[in-house]
Amino acid sequence: MKQKLFNDTTLFLTFAAAILLMPIWLAPLGASYPDLLQKFAIYGIFAIGYNILFGLTGYLSFGHAAFLGVGSYAAVWSFKLFTMNAIPAVLFGVFFAGVLALIIGYLSLRRSGIYFSILTLAFAQMSYNLAYSVLTPITNGETGLQLTLQDPRMIDAMFIEVGEGLPITNLFGIKMSGYSGFYFCAVLLIICFYISLRIFRSPFGLMLRGIKSNQNRMNYTGLNTRPYMLAAFVISGMFAGLAGSLLAVTDPLAGAERMQWTASGEVVLMTILGGVGTLIGPILGAGLIKYFENIFSSFNNNILHDFFSFLPDTLENIVVQVTGLFVGGGWHLTLGLLFVIVVVYLPGGIVEGFQRLARLLSRKKQPDKTSSSLKNQSAE
Amino acid sequence: MDSILIQLLNGLDKGAAYALIALGLTLVFGTLGIVNFAHGAIFMLGAFCAVTFRKLLTLSEKVQDPTVTLFAAYKEVPYLKIWFGDTGLMIIDYAVPLSILFSIPIMILVGYVMERGLIRHFYKRPHADQILVTFGLAIVIQELIKAAFGANPIPQPPPDIVSGSANVGLWLGLGEALVYPWWRLMYLVFSAVMIFGVFSFLKYTTYGMVVRAGMWDRETVGLLGINIERRFTIVFALAAVVAGVAGVMYTPILPPDYHMGMDFLVLSFVVVVVGGMGSLGGAVAAGFLLGIVQSFASMNEIKDIFPGIDQIIIYLVAVVILLTRPRGLMGRAGVMED
Amino acid sequence: MSNSNKFSRRQALKFGAAGAAAMGAGPLIFTRNAWAQAFPNDPGSNANVILGFNVPQTGPYSDEGADELRAYMLAVKHLNGEGDGGMMNTFTPSSLKGNGILGKKVTYTTGDTQTKSDAARASAKRMIEKDGALMITGGSSSGVAVAVQGLCQEAGIIFMAGLTHSNDTTGKDKKRYGFRHFFNAYMSGAALGPVLEKEYGTERRAYHLTADYTWGWTQEESMRQFTEGMGWQTAAAVKTPVGAGDFSQYITPVLNSGADVLVLNHYGKDMINSLTQSIQFGLRDKQVNGKNFEIVVPLFSRLMAQGAGENIKGILGSTNWNWSLQDAGSQAFVKSFGAEYGFPPSMAAHTCYVQTLLYANACEMTGTFYPPEVIKALEGFSFDGMGNGKTEYRAEDHQCFKDVLVVRGNENPSSQFDLLEVVETTPRSQVEYDAKIFGGELGPYKV
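Structure below.
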């Protein structure tokens, strides 16, 4: 038991270090620039929160994008009405997402399995369609909610001289774009990870797992599982709201498409791709999908020609032609293939890949480190 | 009166489309227990069978346009016209109905390969894995189609003889104002035939009986020594054919593009679930119900009272039904509830 | 108005001349310090300058995006002095030298907007933060253009919009750092109005189907303004969900509404579907009020015409540019595009190519990449030889004013690309409007 606690601490510290050092170790992968780092952190939070619901209880929500979107809208409205400070924006985002999650969760959790999934999907799609059209006065429709020079910003107006251009989001003077924005998100991600870790290890977490393995049995013991489910749903909705508000904090714009089913589907895919129910998996899945979306889509034939310039010309052209199908406009194809390959060969997601790799390595090391290999064998 | 009747026709027509797509989906869903996110892609593949077939029929001799010198601009004269004259043109005119014949073997093949090559390995895997693999597969299929045909919709006109409107009003004795496109009426009839066909197959053949038994209790059927696996392959192929020909028939109404499957995917899941898991009749009923409700919600008189209602009506109805009826319209207990 | 424009332009030229002198006078490092105008992604002493081409590569507009990208590559080639030079030979007054921009070779980075505001901004941010792009351009929808334009304003990077037709882009949401060469919904209405009057008379009842988002609304507003202005009545204006697919439930009420014209304020796939289905419902075979029923599509493109096939024949609409134009600029562009890719450019490709050249030219004029100076050079800049006749970038709202083409779906095409025939070239004076009517503020030069 004691050893396990130690493991969690190590896990947490390693995680925190890895996140904070992302600007360094992601540089060789071409992913070390503020916007993408922010996206990694933000979608990491989104996926962690989603995993609290899906990973622990097995309830597959297909409407979590609604909470992401509401978090964004609430945050931008906070910027427009009150202040450019990030803290109220985040609080508003989390609060409103929590409220919406309470309503949707209360209704949807009356059903289970696929019926639950479709209920959440229906709620999210309604939110999306309304935000795109009828609710345009609140959401600014397709264009997305933006800051304007005419916004009142009541709190800021009392303390700060109004500048010529649009004000920028800040945390008591620290601007929230660029690397400082990333570190803000990263710290919140680490806190969220810690919360998720504690939930996984808590009696509450055990209860949720119990629901996943057999809800009927839980009910037979005289326990009402609904409040636990609802708590998990609201918590994960608030995580999504936090992620949504952070999207607005780092880039003050909120668009309706954040609530579309494709966005809900994305977080489902992130979680499954990384490894459902694992602590790290969803974050890995989120990172991988965002990496593909932002980096693979930017490779054009010019870059490919540079990359393969060591080949003879004719061969180079053929190679560029073929690889060109998978990058740039073809990044979706690569992503689709990745989904299929991962799920076929690594049923537990990317995390399982790492586990297998670790096992392979430790097996290879066997002759040198007898003690550790012994431990491993006993574990198996 | 006319406007209500015609919206009813619209609703039936939409419902027919929803029901046909949902039918295949619920077959795979209810029988095989597979959450098939690639079902929309299969529908789209069917539509592209029609596109391909027309492309084959209209293989053309290219006659250079002499006035354009900056690039190759040409007028296309199909070989069929050159060889067979008006008969050739008539064959091309009937490309869409003919491509149903073309699409059936292809869709059977698609279904067979998909099931044997991939889906089969996922019967015992969690739904999450099924979603990921079928979604990945759908993206791959979509992107391949996009690479081959581009992203722009490709027009597929119906045969000339049915390209206009039928005077439904006269038939019903309601005056001349009530007209409805021939092709949409044909689509309605076609889907009724398809639905009837699938139902009779399941109900009146021993084959179908075993499949239905498998829907109820796969293990017991397996224990009885019946090769349920092979039948599952056939069910999957059947679902692919139903979706595929639905796609072919839909092309004159909606010029197909690589993304059309995704556009229908979410909706078809809603239809299946509202109908109730494991119930073919439920899916069909839900398809028609949602189609009709959607049509009526789009009427100006209703939109004036509830602006934007037409955008959310399907989901609203879905929510109400699922909250009032625990398993949708006709769902069976225990199917996909955990 | 034009006077003040000229003044500001001259002023800009003067600044530019001073800048060029300063550049010439000292070594580069010194210049930079002397100007003390550090700006984002200053190429400084680099041999290259990087432009960001942000176009839809996935999603419904990816064919259009692909065509935009082709045009950009061609523009880069021409700017670097490769190829036949295309419109660089016809563009006047041109400061372009064919040796890159300010002697620096033009390179580029590409990204995928997915036609989603979020993705487009993420992609633009990558170009700015990671690749060091000095200018962002492209896009195929107004939502994306407005979103990226806002981002560029905050980042201090110039944005040369691609295809965006909403009045908002250079109206309500205009930005100091954003420029649009493409025409807008108002101009479509202004150009179509007189042609509709001539073809269909003044006694008409129009029924509008409008895509339910900002572009659709501005398009409907402008079409109603002009058609009602010449005496048409509006029977109804109905909003349809974007991506509805089947529009039957919106088309059938048209049949018995007493309307004799249907205006489809739809774009892309929506327009292809709604037009195809309208014609299946027999609208064009109908006689209402003793007149032939007509369909109008305010914004046309060749890709849409391809998607709608036969149904486009005889339908009136407007377009920014068409490859069949016979002026020297258009011919030069079609020639080099055709030679490069084997088919004619779309109007999206045309606007993107022109935007790139205009940006490069503004840099050459001022002799610096410093955005506030480049902006001043573009503001009020008048030019010719780019395929739309005499054109001016209006200083007040960064909208290009030029002739607008009214086109009709070709009844008897002579080739697979000959889908639109130009009915009329509406002169620029007829589509001009007061910049104030749409509101909005450009914002500061320095951010």
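Protein chains in written order, with the working numbering: chain F, 3 to 382; chain U, 66 to 403; chain W, 8 to 454.
All C-beta atoms in this analysis are idealised placements derived from N, C-alpha and C, irrespective of residue type, glycine included.
Got a sec? Which residues, its chain only, sit under 6 angstroms from residue i by beta carbon, not counting five neighbours each side?
| i | result |
| --- | --- |
| Ala-355 of chain W | Glu-71, Asp-74, Glu-75 and Leu-170 |
| Trp-79 of chain F | none |
| Met-240 of chain F | Val-96, Ala-99 and Gly-100 |
| Gly-139 of chain W | Asn-48 and Ile-57 |
| Ala-356 of chain U | In the sequence as displayed, the identity of residue 356 of chain U is Gly instead of Ala. The answer, listed in chain order, is Gly-76, Lys-79, Gly-80 and Tyr-83. |
So, is residue i buried or exposed, given that buried needs 16 or more other C-beta atoms within 10 angstroms?
| i | result |
| --- | --- |
| Met-274 of chain U | exposed |
| Phe-149 of chain U | exposed |
| Pro-30 of chain F | exposed |
| Gln-156 of chain W | buried |
| Arg-128 of chain W | buried |
| Gln-359 of chain U | buried |
| Gly-290 of chain U | exposed |
| Pro-131 of chain U | exposed |
| Glu-284 of chain U | exposed |
| Gly-447 of chain W | buried |
| Tyr-108 of chain F | exposed |
Going by Cα to Cα distance, which pick from the options is closest to residue i?
| i | options | result |
| --- | --- | --- |
| Ile-285 of chain F | F:Gly-224, F:Thr-12, F:Phe-17 and F:Thr-11 | F:Phe-17 |
| Ala-339 of chain W | W:Leu-86, W:Thr-97 and W:Val-304 | W:Thr-97 |
| Ile-274 of chain F | U:Asp-194, U:Ala-351, U:Gly-356 and U:Leu-388 | U:Asp-194 |
| Lys-84 of chain W | W:Tyr-220, W:Val-438 and W:Phe-344 | W:Phe-344 |
| Glu-206 of chain W | W:Ser-255, W:Leu-323 and W:Phe-166 | W:Leu-323 |
| Leu-327 of chain F | U:Ile-374, U:Lys-368 and U:Ile-210 | U:Ile-210 |
| Ala-118 of chain W | W:Arg-133, W:Leu-86 and W:Ala-442 | It is Gly, not Ala, that sits at residue 118 of chain W in the sequence shown. That would be W:Arg-133, whose Cα lies nearest to the Cα of Gly-118 of chain W. |
| Arg-190 of chain U | U:Ser-168, U:Ala-302, U:Asn-101 and U:Tyr-269 | U:Asn-101 |
| His-388 of chain F | W:Gly-59, W:Gln-64, W:Gly-51 and W:His-172 | Nothing about residue 388 of chain F can be reported from this structure: the residues present for chain F run from 3 to 382 only. |
| Val-310 of chain U | U:Thr-389, U:Met-364, U:Ala-278 and U:Ser-164 | U:Ser-164 |
| Ala-266 of chain W | W:Val-245, W:His-273, W:His-172 and W:Lys-443 | W:Val-245 |
Could you give the DSSP three-state label for residue i: helix, strand or coil?
| i | result |
| --- | --- |
| Gly-324 of chain W | strand |
| Asn-319 of chain F | helix |
| Glu-386 of chain W | coil |
| Arg-128 of chain W | helix |
| Asn-87 of chain F | strand |
| Ile-318 of chain U | coil |
| Thr-91 of chain U | helix |
| Tyr-323 of chain U | coil |
| Pro-25 of chain F | helix |
| Ala-137 of chain U | coil |
| Glu-403 of chain W | coil |
| Leu-35 of chain W | At Leu-35 of chain W the pLDDT is 39, less than 50, meaning the model places this residue with poor confidence; the figure from the coordinates comes in the next sentence. Reduced to three states, the DSSP call for Leu-35 of chain W is helix. |
| Tyr-348 of chain W | helix |
| Asn-75 of chain U | helix |
| Ser-247 of chain F | helix |
| Arg-365 of chain F | helix |
| Met-160 of chain F | helix |
| Arg-415 of chain W | strand |
| His-215 of chain W | strand |
| Lys-214 of chain F | helix |
So, for residue i: in the same chain, excluding its five sequence neighbours on each side, which residues have a beta-carbon less than 8 angstroms away from its beta-carbon?
| i | result |
| --- | --- |
| Asn-53 of chain W | Lys-111 |
| Ile-291 of chain F | Tyr-45, Glu-268, Leu-271, Met-272, Leu-275 and Leu-337 |
By Cβ distance below 7 angstroms, which residues in the same chain neighbour residue i in space, the five residues on each side in sequence not counted?
| i | result |
| --- | --- |
| Leu-22 of chain F | Ala-188 |
| Gly-346 of chain U | Met-395 |
| Ile-374 of chain U | Ala-362, Ile-367 and Lys-368 |
Cβ pair count under 8 angstroms reaching 3, the segment 142-159 of chain U against the segment 124-133 of chain U: yes
Taking 8 angstroms as the threshold, find out whether the segment 338-346 of chain U comes into contact with the segment 387-396 of chain U through three or more Cβ pairs. yes
Does the structure place the segment 418-432 of chain W close enough to the segment 158-165 of chain W that three or more beta carbon pairs sit under 8 angstroms? no
Three CB pairs or more closer than 8 angstroms across the segment 270-285 of chain W and the segment 379-396 of chain W: no
Can we say the segment 239-258 of chain F touches the segment 70-79 of chain F, given the rule of at least three CB pairs closer than 8 angstroms? yes
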